[in-house]
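Quick note: the sequence shown uses the working numbering, first residue 31, plus one each step. Positions of the beta carbon are idealized from the N, C-alpha and C atoms, including for glycine. One structure is given here, and the rest of the page talks about it.
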Amino acid sequence: MNKLVVMAVSVLMLVSCKQDKLLKHLETGLVDYERTRLVKENLINDIILEKLAIFKIDQNKYKLVLMLNKSIKREIAEKYRLGVKIEILNGDEEIKTAEMNKVKSYFRNIDFNPKLKVYNMNNYYIHNFEGDFKRLESMDLYLYKYENEVFNGAIGNRVTLKNIGL
């Protein structure tokens, strides 16, 4: 029983420590996080992707963190869905079918309805995702409208980043 209590407390402390680290980086605008990628590109005129970072939360669990411009308005930030298309090199993630083993890389979508999060006057889209890989060959980000359960096309600019380490 005592071992179980000690293990539970240890796990809670580890999770708390990781959350504190993440919170510190969010509050400081990702300035000291070594895996931050400077982007500074418009998704649309009112939404500028300033920085991108991916935090490893647990084994195969990550947080995608997109830092946005300080002048963004919540009603604009939450008006669209965010399309995220990642390219994974074959061999980085466990491939389940023989057909997939024949390709050099493959794509996966992790689209979501972004909610604006604010930490110390820094604006973010934050999204959890899972995967068993060490890096992404590429990541495409774009905004789109999704009305009445129908994709109504991408709007604005598509931002592409290459060779993203996790």
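Who are the Cβ neighbours of residue i in its own chain at under 8 Å, not counting the five residues just before and after it?
i    : result
L53  : Y149
L173 : L73, I74, I77, Y110, R111, L112, G113, A184, I185, G186
Y92  : I84, F85, K86, N158, F159, E160, G161, L196
K103 : D76
Between residue i and residue j, which are expected to be in contact by the criterion C-beta below 8 Å, what is the C-beta distance as a whole number of angstroms?
i    : j    : result
S135 : E167 : 5 Å
A83  : T58  : About 12 Å separates the two Cβ atoms, so there is no contact after all.
R117 : F142 : This sequence places Glu at residue 117; Arg is not what is there. Contact flag wrong, Cβ pair sits at about 18 Å.
L146 : L79  : Their Cβ separation, rounded to whole angstroms, is 13 Å, which puts L146 and L79 out of contact at 8 Å.
Which partner residues does residue i have in the DSSP bridge list?
i    : result
H55  : DSSP lists no partner for H55.
N158 : K93
D170 : K115, T190
F163 : Beta-bridge pairing links F163 to no other residue.
I140 : Note: I140 sits in no beta bridge, so no partner.
L73  : Beta-bridge pairing links L73 to no other residue.
Just to confirm my understanding: we take residue i, look at its own chain, exclude 5 residues before and 5 after, and list those with CB closer than 6 Å. What are they?
i    : result
P144 : L112, Y155
Among the residues of its own chain, which have a CB less than 7 Å from the CB of residue i, if the five just before and after it don't count?
i    : result
V36  : Caution applies to V36, whose pLDDT of 42 falls short of 50 and renders its modelled position unreliable; the value that the coordinates give is listed next. So no residue of the chain qualifies.
E108 : P144, K145, L146
**Asked** At which residue ranges does the stretch 87 to 122 contain complete alpha helix (DSSP H) runs of 4 or more residues, listed in the order of the chain?
**Response** 104 to 107
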